[in-house]
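Student: When we follow the numbering used here, the leftmost residue of the sequence shown carries the number 28, and every step to the right adds one. Take a look at this one; I'll ask things after.
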Amino acid sequence: MHQHDAAPDDGRRETDNERADRNWDELMQELRVTQTGTQILTGFLLTIPFQQRFADLDAYQEDLYLVLVLLAVLATTLITAPASLHRVLFRQRLKPELVSAGNRLARAGLVVLAFVMAGSAMLVFDVVLTRTAGWTVGIVAILVITAVWWAFPKLLARGARD
């Protein structure tokens, strides 16, 4: 059992296999939501070079854009990887390992996605306003994402334990 798993005495009467199945189903549902947003953001980034204004970007903006495209593709890869992993390992009785690996891949994908989201806002504000505005928005975005995605859940968990 991993530290992220529900405790065996959590009131559920389920076998290890049932717990692994439930954890896998919950992970897949979370990834369905995340995957859609990630793919839309990646698709949006891939269309930018075909806009007239793209030619007006300076070297810094072009570099930032290319880094964002690479990160968006990486985020999409990480977030869709658990489904691929499941397909490759299907019927090999490795559900607990799939849940653990899928959880790690999803967490990594969310970290990368946070940087894509903040970086995309950074790029837009850099292009529309100023470089300083871009950096400010990028930093604020990553702080807000960190607060909402990581700090707030930690506070909830701490409050529930107390």
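Heads up, the beta-carbon is just placed ideally off N, CA and C, and yes, glycines get one too.
Is the region 44–61 close to the region 127–139, with three or more CB pairs under 8 Å?
Tutor: yes
Student: Helix, strand or coil: how does DSSP classify Asp85 here?
Tutor: It is coil, neither helix nor strand.
Student: Please check the pair Ala99 and Thr69, which I expect to be a contact at CB under 8 Å, by giving their CB distance rounded to whole angstroms.
Tutor: Rounded, the Cβ-Cβ distance is 4 Å, consistent with contact.
Student: Expressed to the nearest angstrom, what Euclidean distance is found between the alpha-carbon atoms of Leu123 and Val151?
Tutor: Inspection of the sequence shows that residue 123 is occupied by Pro rather than by Leu. Straight-line Cα distance between these residues: approximately 42 Å.
Student: Just to confirm the assignment, what range does the alpha helix (DSSP H) spanning Thr63 have?
Tutor: Asp43 to Thr74
Student: Can you give me the C-alpha to C-alpha distance between Arg80 and Glu89, rounded to a whole angstrom?
Tutor: 12 Å
Student: On a Cα-Cα basis, can you pick out the residue from Leu72, Asp85 and Leu58 that is closest to Asp153?
Tutor: Asp85
Student: With respect to the alpha helix (DSSP H) encompassing Trp177, which residues constitute its N-terminal and C-terminal limits?
Tutor: Boundaries for Trp177: no alpha helix (DSSP H) harbours it, and the DSSP string shows neither H nor E there.
Student: What does the alpha-carbon distance come out to for the pair Met28 and Val155?
Tutor: The pLDDT assigned to Met28 is 45, lower than 50, so where the model puts this residue is not dependable, and the model offers no usable value.
Student: Buried or exposed for Ser111, please, with buried defined as at least 16 other CB atoms from any protein chain shown within 10 angstroms of its CB.
Tutor: exposed
Student: Measure the Cβ-Cβ separation of Thr61 and Ile106 and say whether it is below 8 Å.
Tutor: Taking C-beta atoms as the reference points, Thr61 and Ile106 count as a pair closer than 8 Å.
Student: Would you mind giving the Cβ-Cβ distance between Ala184 and Gly165, rounded to the nearest angstrom? I have them listed as a contact below 8 Å.
Tutor: With a Cβ gap of about 28 Å, Ala184 and Gly165 do not count as contacting.
Student: Considering Arg134, what are the terminal residues of the alpha helix (DSSP H) in which it resides?
Tutor: Lys122 to Val155
Student: What does the Cβ neighbour count give for Asn50, buried or exposed, with the cut at 16 atoms within 10 Å?
Tutor: buried
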